[in-house]
Structures are given as structure tokens and as C-alpha cells.
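Residue numbers (numbering that gives the first Met the number 0): 0 to 321. Note that beta-carbon positions come from the ideal geometry of N, C-alpha and C, so glycine has one too. As the structure is a prediction and not an experimental result, all values here were calculated from the model. Take a look at the structure below.
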Amino acid sequence: MEGISEFRRGGPDDPLVQEIMKQKGLSEVPFYRQDSPKAEKFDLHACMQRWMAWTPQRDGSVNTDQPEGRDPIHLANLIRDKGLELGAGDIGFAELTPVMINVGSSFELKNIVSIVVSEEYSKVLEGALAVEIEAFEVYVECARISTQLAAYVRDLGFAAVADHNGTGDIQAVPALCASGMGELGRHGSVIHPDFGASFRPGFVITDAPVQLNQSNIFGVQKTCETCRLCESNCPPAAIQLASDFIVTEGIKRWQVDIPRCYEASRFRDEYCHICVDVCPYQHKANGDPSRMTIFKSFMKKRKIAGYRTPSWFIEDEAEVLG
Ligand code: SF4
Ligand code: SF4
């Protein structure tokens, strides 16, 4: 099956990032600079190498000696339990379709396992650097868990290939939505009922004939018609109006203005995760009182700083917030 989805990698080699860098006359992309004050505290390039290190193990030989049976519910339960044991926050299953695969990639396997690894929401109270470190460390976890889960599925007797940031064959949004992992929000990220959009995904593409999930509709897209929190907190106003969407495969898609987003998320040293962190689905569907408390504290800080103010380093908090 050939992939049909155009893919934007978003890293330092992304053609759009490179083009903006040239327009600005820069020799390096600020977010990825190796000589910034941030780089003294967190080596994100070393972190990226850690997820890349999992890539050679993404595929391997299939156990043909004692293959597991083919009961779909039993197989799904085995794989879900193993994924949770490895550290995933949630696991879902869907039929693999061409829209889930990036242009230039192809798979002859029929199903996909979506792996959700949650980020620690309380990091928002420690500032942008803490949020960045958490996100990048969770990407490493996604690579580890998807790789180890693919090996487990091969041991059950079925072909299985891991996908994560170090491989980049899978289009996360359609795969996550079809696997019942949540709904697409106006900020362009999938919202999970327990974790909001504070998670990172990994995937296993497999021939295992697992029981598939239904999509999980719990009111997000309806809420996005009237909620304006991500829109009014996005520093460069990259998030579109509620009325500005297209519909594909029954899902509303609001197109984030990527060049504008990059102004805050690539052309500053600091990380930008604000649209995810101000979304009420951090607590709205799960009703978790501790997440609600964190959300309220964070929104209070944003109000003092000015809603569109980019994130601040915790070291500067007194200066920014008074
Ligand atoms: S990451 Fe930041 S700049 Fe980009 S859409 Fe979200 S809030 Fe806006
Ligand atoms: S902040 Fe509001 S508008 Fe934005 S994704 Fe979340 S619910 Fe939707």
C-alpha cells in the first residue's frame, strides 16, 4: 500500500524551515542552535540521536515456531497489555489506509497499532524548557516502546514494523483518530480524553488480525466551534478561526498557519507548546482535579504575562510575571 499524505517533518532540515532561515539571513535555526543559553542546559541534538538509535531495530524476523492463535480480541488484549506494561498511556488499533502513510513510504501490512505516551502536564508550571525536555524525552520513549512492542508482536508470530520520530513513515493524526485515541482539535493536534494533547505517539504496523477500535468522539470538535483558548493564546496568531476548516473523511481540519507557527516554535530559542497547554481538554473530559489545578495556575500566569506572550524560562519568571 503506497502512502498518499504529504508530510512536513518540522525539524531543522524541513525545507520550509530552511527557506525562512535563508529569508532571515540566518545561518542556524534559533530553536536548534547549539550555542544558545538553552543548549547549555539541554542538548536536544543528543536527545534526537537517542530516538534515532532505535531505528535499526524497527523490523526483524518473525517467530514461526509457536505462533499465537488468530483470535482478534485475544491478540488485541495481548498487545494492549504489553504496550501498557512497556509504558504507554493508551493503545488503539485500526485498519491501515493510504492516508495514514506518507508519500514515498509503503507497507504491505493491513493494520496499525497506535501508541500514546503521555507527557507530564505539571511541567507547564516550570517553564518552556521543562516542557521541551519532557516532550523530547517522551519522543525517545515512543521510539523505545514502539520498537519493543513491534518485537513482541513478531514474537507472537506476525510481521510488525515500528514507526516513530526516527523513521517517520506514518501520518499520526488519521492513524490516532481511526484507532480511537481521540479527536482532532483546532490547534492541529489530536486530543485524548485522559491526556488532552499532552502526549506523543508511536506506531506498529502489523499483519496481526487484531480487533479494531471505533473512533472516540467525545465532543472536542463541537467544543472547538466556540472555544478560543488556543487561538487567543498562540503568540503569532497561527491558529485559524473556528469557521475556517475543511472536512476530510468526516473530520474537521483547521489548517494551522505553519510559517506563522514557526515564528514562535522554530525561530526563537524557546519551545512553544502553548496551544496544547491552554486547551481545556487537559481536564475537561477526564475530570482530574490535579490537572484542573495545574490548568488554573498556568492560565493565571498566562493572564499576567499577556495571553499571546511566548513562553518564558522559569529563571525569567519573576521578571516576566512580576
Ligand atoms: S505551537 Fe505555539 S506558535 Fe505554533 S500553533 Fe501552537 S501556540 Fe501557536
Ligand atoms: S483550546 Fe479550545 S479551540 Fe483549541 S483545540 Fe482545545 S478545545 Fe479546541
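Distance check for residue j and residue i, CA to CA, integer angstroms please.
i: L211; j: Y138; result: 25 Å
i: R7; j: D268; result: 20 Å
i: R32; j: H282; result: 34 Å
i: F244; j: H163; result: 28 Å
i: Q147; j: D89; result: 15 Å
i: G10; j: Q65; result: 42 Å
i: N101; j: N76; result: 28 Å
i: F294; j: P288; result: 10 Å
i: Q22; j: G86; result: 42 Å
i: H272; j: L155; result: 38 Å
i: V98; j: E107; result: 14 Å
Since residue i sits in a beta bridge, which residues does DSSP pair it with?
i: S113; result: G91, F202
Going by DSSP in three states, residue i sits in which element: helix, strand or coil?
i: A45; result: helix
i: K40; result: helix
i: I132; result: helix
i: N101; result: strand
i: G82; result: helix
i: T308; result: coil
i: T222; result: helix
Got a sec: does ligand 1 put a non-hydrogen atom nearer than 7 Å to the Cβ of residue i?
i: A263; result: yes
i: C226; result: no
i: V219; result: no
i: C278; result: no
i: P71; result: no
i: C255; result: A small correction: the amino acid at residue 255 is Val; Cys does not occupy that position in the sequence shown. Checking the Cβ of V255 against ligand 1 gives yes.
Measure the beta-carbon distance from residue i to residue j and round it to whole angstroms, keeping in mind my assumption that it falls under 8 Å.
i: P234; j: A263; result: 4 Å
i: S113; j: A134; result: Between A134 and S113 the Cβ distance is about 18 Å, and since that is not below 8 Å, they are no contact.
i: F198; j: V130; result: Wrong, their Cβ atoms sit about 13 Å apart, outside the cutoff.
i: L128; j: F217; result: Contact doesn't hold; Cβ gap of about 32 Å is too wide.
i: P192; j: P71; result: That pair is no contact at about 24 Å.
i: A174; j: F202; result: 6 Å
Hey, is residue i close to ligand 2, as in C-beta under 7 Å from one of its heavy atoms?
i: V130; result: no
i: R185; result: yes
i: C223; result: yes
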